[in-house]
Each structure stands twice: as C-alpha cells, then as structure tokens.
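Novice: Right, I'll just put the structure down here and ask away after.
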C-alpha cells in the first residue's frame, strides 16, 4: 500500500502536528514502511474473533459516587504555562 | 566502601541491620559514585541529593526505633516516567522538560513507605518509545559494558545505572519489552509483572492496556523484595487488579523439580544471534539440571506480534499524548497566533521524531475508514496471540527463551531504521499483548557483552518465575558479572 505526502499531511492535521516541508518525504517514506510491516496482520484469519482491549478482559470498575478529593486547583494549575484567576489562558478563540 | 558498589539490596539490608553501615553512608557512597562515573553514561538525569540524604537520615532513625522493613534505607532510582512530587518528571521529553508534578505515583509512594531512599531519576527513551535510549531529549545513555553501545530501552538509564553500581534498585516500565530488553543488554535482573499487578497511577501513560511497572535489580531475590513493596490494589487505577499480594521473598524457597519449562521454537528463529542462542541453551541445561523438564511448545503468531503491537501501542499513545496541547502543562510555543497554532507548534516543538512518528501511525490506525482494518484487526490478533499462550500453558508451567535477539548494538546502528529497532522486541512484545509476567535474568557474556534469559509466566504467577530465577542464580554466577568502569574513582 502506498501513502502519499498528502495523506501524511492530513493525518498530521488530525494529530495536531505540523511537519516541516523539508522532512515530509522522509516522514512519508518511514510511515509507509511501517504500514507495509503492519499489513502482515491482514494474513491472519480473524473471522469471529472478539477484539481484545484488556488482556484479562476486565470490566471497568466503578467507584461509589462520593466526594473524595479536596480542592487542589492551585497545586494542579502550578505547572500550567499561563493561568489567571484559576483559568487556563489560551489565545483568543472568538473575536 | 568499594565492596558496596555491586552489593544486592538483601546484602546491604544485612549490613544496615548489623549497624556496620548507616543509610546515610550508603546514600553518600551511591551519590559519589554517580558523580564520579555518570558523565560517561548519562544514566541519571536528575540527582536529588538533599532529599536523598534527608530520607536516609529518616531511614536510620526508623531502624534505630526498631521499625525497619527489608527495604528501609536502601538507595533507589526512579525511571523519569514516574511522577515525583516536587521533582521534575520529564519522560525524557522536551515536552515535559519543565514539568514538576504536584503528586507522587502510587509506586513512588509505596516504595517511600517501605523506606527506600530516592537518589534521582533515570534517563529513558522519550515517552518510553524506543529500544536504545537514543530518543531521549537529554542525549543517549551509554552501556557500562561498552560505552560505544546502547543500554537498550526504554528503561535504559535504569538498567545502565544498576549495572554500573550506582544503586542496587531501580524502577522501570515495560510496554513492549522496556524492562526486559535493557535488563538483558546491561546484564541485570528485570521483571515486568502481570498487567494490573502494579498500579499505573502517576506513571506517564504510553499505551494504557500494555504499560506495567516493575523492579530492575542485581538479583532475583531483590526483585522479589521490591515487587512485594510495589504491588497491590489501587482504586486510583481502574485497571489495577484485585488479587492477593503474596510475600514474593518468602515464596523464593523451594526447588524446581518437575517444573515444566516450555521452549517456543519461534524464539529461536533466524534473527537470533547463534552465540546468544548457545548461552540460552546452556542456561536451559542448568535449569534442567535443577530438575526442570523442558517441553517444546508452539507460539505460532510470535512474528505477527510485532505488527499487532505497532498498531495497538501507537493507537493508544496517540490518544494518551493528545493531552499535551500547550495549555494545562508541558511545553508551550512562543507567541501562538491562534489556538490551532498553539496546539500544532507546541506539539511539533515538544515531541521528538519517534514520538511524532508513533502519534501519526496511531492516529492513522484510529481514523475513519481505517479503524476496522488496523485497530480492530490488531485487537483481534491480540486475542489470538493471548490464546496461543493459554494453549501453551496447558503443556508447561513457565516459558523460557532469549530476551532479545542479540547483545547490545552500537549507538547509531539502528537509529535511522525504525523497523530494525522494532525487531529488538520480537520476543517481548507478545508478553505485553497477553498481559503476562516476564523476567530477564543474566545468562552469561558473548564477546564481553551480557545476554538475557527471558522467563514468562501465567497471569499473576510471578512467584514461579521468581523461584525459577532464584534457583538459577544460586546455581550460576552470571548475575555477579560486572563491567569495568573507566574514569573517576568513587
């Protein structure tokens, strides 16, 4: 299967990554070789096989609906690049 | 104090109990050795000298008060993927170069409660994506057995530090072989527990259905001691298993007479170096001489494990790493034009090449139109691989083979070819896919470089692996081999 630089650019947009034009051919080539390698999966007959998302087929455990945490906003926001009055700051979204 | 450098934690605990050394002296000794030798290796990226000495003093007081446990006062290093309250936790990425977590990982807390002394944080492949430690933002770690060679990865800093005598214990994480392969390449003991055995809370996530933390040590006995302290149900991790935690040290006693060891022919295929194969066969003969019975088994989808892993792990990683957006924590680009610019530039500047590659592959595998052909298909093959193991365990109690296809390779040899690098983990990836425990223990040297024997167990049966490994280490001295470090003197 062949992937084109345009395919890679589209995937990069979905992943919110920006690939330098100078690197695009190399990135496409390596990306394509990985896809060729994983194409080996298609040789395995998986008809009727249930997909496995957890190796022990565990069910999601739910906790009782009780308050267990105290207010740690200041500590949790300390590593943020920009905050004000307890909010995370980002560039203006709506003019 | 030079004899302390390569002592096991169990040996050091005896000295601490006898009062012939204090935790402070031991900590000072380790810190001095790191300072003298780590310039060559680059295995420790953050040293916590003050905190370590304070913890050592607390350990000495605890021992004086008669409240010491088996790990009290034992120095330890954490892979820089474990969140440490107030201590920078970078995952060896520019993205988290400035990240100081406001909380401790459960593993960090548990080991602290046991009284260990945290010396610092170890280098690793960026976000644990790599098998050579060459993808670290802080530069590669070098193998103490030959500094032109890689230590393996992603827990390569931890493995190199233990092998170099910097500390007796380190934590590691293993998503596809990241404890076992560097343990093999550096000649130490490394155990990846069963998925769910050790809490993932506070471990920076790579692939959440595969990630497990485990001990990296100089002996199986130490691994048993450390694992006992690390594991247990944690309600903060919804995949943490509610199973009893045995005293793995007490369970080391006994022999392996009649233990059936399965030998998968796929683990001795053409990519295995023939000299490595000889060491593995010799190790198997040792286990046989101790009364184990070798049984041929079949793991027919071993090779498809690579393709399966390189869909599932990147897919889960692409989801996990979407949190790094330049808003809440981590790297933020300068002067973003708008929100999309903020996201794209922060991520492209903050992530290295291999991490970006895996995010791309994972995003692709999860995207509309490709989900069924890639992600769902890989999850189906994952079940087939898991069932291969179940079938094999009808005929054997543990499985044995090599941990890696070759000894440590030279820096740069595989860096340009991701697929060659991915082959490093051909014998370890399937174990994560099936969620089983796996351990690498030293099995001798080839051209002066360590070889690792891998033992794989049934889910939640770390004990049998540990007992077999302990019997092996009582019979052989491979785990006592140590590299000769040049440079300064500790």
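Residue numbers (my numbering), protein chains in the order written: chain F, 1 to 95; chain D, 96 to 585. Where is the CB? At the ideal position from N, CA and C, for every residue including glycine. All values reported here derive from a predicted model rather than from experimental measurement.
Contact criterion: CB-CB distance below 9 Å. Does residue 5 of chain F meet it with respect to chain D?
Specialist: no
Novice: Roughly how many angstroms lie between the CA atoms of residue 224 of chain D and residue 446 of chain D, to the nearest whole one?
Specialist: 11 Å
Novice: Ends of the alpha helix (DSSP H) at residue 214 of chain D?
Specialist: Segment 212-217 is the beta strand (DSSP E) holding residue 214 of chain D; no alpha helix (DSSP H) there.
Novice: Following the continuous beta strand (DSSP E) through residue 173 of chain D, name the residue where it begins and the one where it ends.
Specialist: 170-174
Novice: Report all residues from its chain with a CB closer than 7 Å to the CB of residue 231 of chain D; omit the five preceding and five following residues, and keep chain order.
Specialist: 187, 218, 219, 220, 221
Novice: CB-CB under 6 Å to residue 577 of chain D, same chain, minus the five flanking residues each way: which ones, in chain order?
Specialist: Around residue 577 of chain D: 101.
Novice: Using three-state DSSP, classify residue 25 of chain F as helix, strand or coil.
Specialist: Residue state, collapsed to three classes: helix.
Novice: What whole-angstrom Cβ distance do residue 323 of chain D and residue 554 of chain D have, given they're in contact under 8 Å?
Specialist: Actually they are not in contact, since the Cβ atoms of residue 323 of chain D and residue 554 of chain D sit about 18 Å apart, beyond 8 Å.
Novice: Tell me the DSSP secondary structure of residue 623 of chain D in three-state form.
Specialist: Nothing can be reported for residue 623 of chain D, as the shown portion of chain D is limited to 96 through 585.
Novice: Please name the residue in D:212, D:234, D:438 whose C-alpha comes closest to that of residue 120 of chain D.
Specialist: Measuring from the Cα of residue 120 of chain D, the nearest candidate turns out to be D:212.
Novice: According to the Cβ coordinates, are residue 297 of chain D and residue 491 of chain D closer than 9 Å?
Specialist: Not in contact: residue 297 of chain D and residue 491 of chain D (Cβ atoms no closer than 9 Å).
Novice: Leaving aside the five residues before and after residue 207 of chain D along the sequence, list all residues of the same chain whose C-beta is less than 8 Å from its C-beta, in chain order.
Specialist: 150, 199, 213
Novice: Taking 9 Å as the cut-off, decide whether the C-beta atoms of residue 503 of chain D and residue 522 of chain D are in contact.
Specialist: no
Novice: Using a C-beta to C-beta distance shorter than 9 Å, which residues of chain D count as neighbours of residue 85 of chain F?
Specialist: Those do not exist, as residue 85 of chain F stays about 16 Å from chain D at its closest Cβ, beyond 9 Å.
Novice: For the segment 35-62 of chain F, which residues have a CB atom closer than 8 Å to at least one CB atom of chain D, in sequence order?
Specialist: 35, 37, 38, 39, 40, 41, 42, 43, 44, 46, 49, 50, 51, 52, 53, 54, 55, 56, 58, 60, 61
Novice: Within 9 Å of any Cβ in chain F, is that where the Cβ of residue 107 of chain D sits?
Specialist: no
Novice: Rounded to whole angstroms, how far is the Cβ of residue 320 of chain D from the Cβ of residue 293 of chain D, which I believe are closer than 8 Å?
Specialist: Actually they do not touch by this definition, with Cβ atoms about 14 Å apart.
Novice: Pick out the complete alpha helix (DSSP H) segments inside the segment 457-521 of chain D, 4 residues or longer, and give them in chain order.
Specialist: Within the segment 457-521 of chain D, the complete alpha helix (DSSP H) segments at least 4 residues long are 472-487, 513-517, listed from N- to C-terminus.
Novice: May I ask you to list, following chain order, the residues of the segment 442-455 of chain D that have a beta carbon less than 8 Å from some beta carbon of chain B?
Specialist: No chain B is present in this structure, whose protein chains are F and D.
Novice: Indicate the three-state DSSP secondary structure (helix, strand or coil) for residue 52 of chain F in the structure shown.
Specialist: coil
Novice: Grouping DSSP H, G and I as helix and E and B as strand, with all else coil, what is residue 86 of chain F?
Specialist: For residue 86 of chain F, the three-state secondary structure derived from DSSP is coil.
Novice: Against residue 24 of chain F, what residues of chain D qualify as contacts under a CB-to-CB distance less than 7 Å, listed in chain order?
Specialist: By Cβ distance, chain D contributes nothing, its closest Cβ being about 12 Å from residue 24 of chain F, past 7 Å.
Novice: Nearest-angstrom Cα distance between residue 557 of chain D and residue 110 of chain D?
Specialist: 28 Å
Novice: Leaving aside the five residues before and after residue 543 of chain D along the sequence, list all residues of the same chain whose C-beta is less than 8 Å from its C-beta, in chain order.
Specialist: If we look at residue 543 of chain D and ignore the five residues flanking it on each side, its Cβ neighbours are 240, 241.
Novice: Which residues, in order along the segment 475-487 of chain D, keep a beta-carbon less than 7 Å from a beta-carbon of chain F?
Specialist: 475, 476, 477, 478, 479, 481
Novice: Does the structure place the segment 42-57 of chain F close enough to the segment 472-482 of chain D that three or more beta carbon pairs sit under 8 Å?
Specialist: yes
Novice: Using 10 angstroms around the beta-carbon of residue 374 of chain D, count the other beta-carbons present and answer buried if the total reaches 16, otherwise exposed.
Specialist: buried
Novice: Would you give the residue range spanned by the alpha helix (DSSP H) that residue 400 of chain D belongs to?
Specialist: 399-415
Novice: Quick check on residue 586 of chain D: does DSSP put it in helix, strand or coil?
Specialist: In the structure displayed, chain D extends from 96 to 585; residue 586 of chain D sits before or after that span and is not available.
Novice: Can you tell me the Cα-Cα spacing of residue 516 of chain D and residue 510 of chain D, whole angstroms?
Specialist: 7 Å
Novice: Does DSSP put residue 584 of chain D in a helix, a strand or coil?
Specialist: Only weak support is given to the placement of residue 584 of chain D: the predicted model assigns it a pLDDT of 41, under 50, and the value that follows is read from those uncertain coordinates. Looking at residue 584 of chain D - three-state DSSP - the assignment turns out to be coil, as it is neither helix nor strand.
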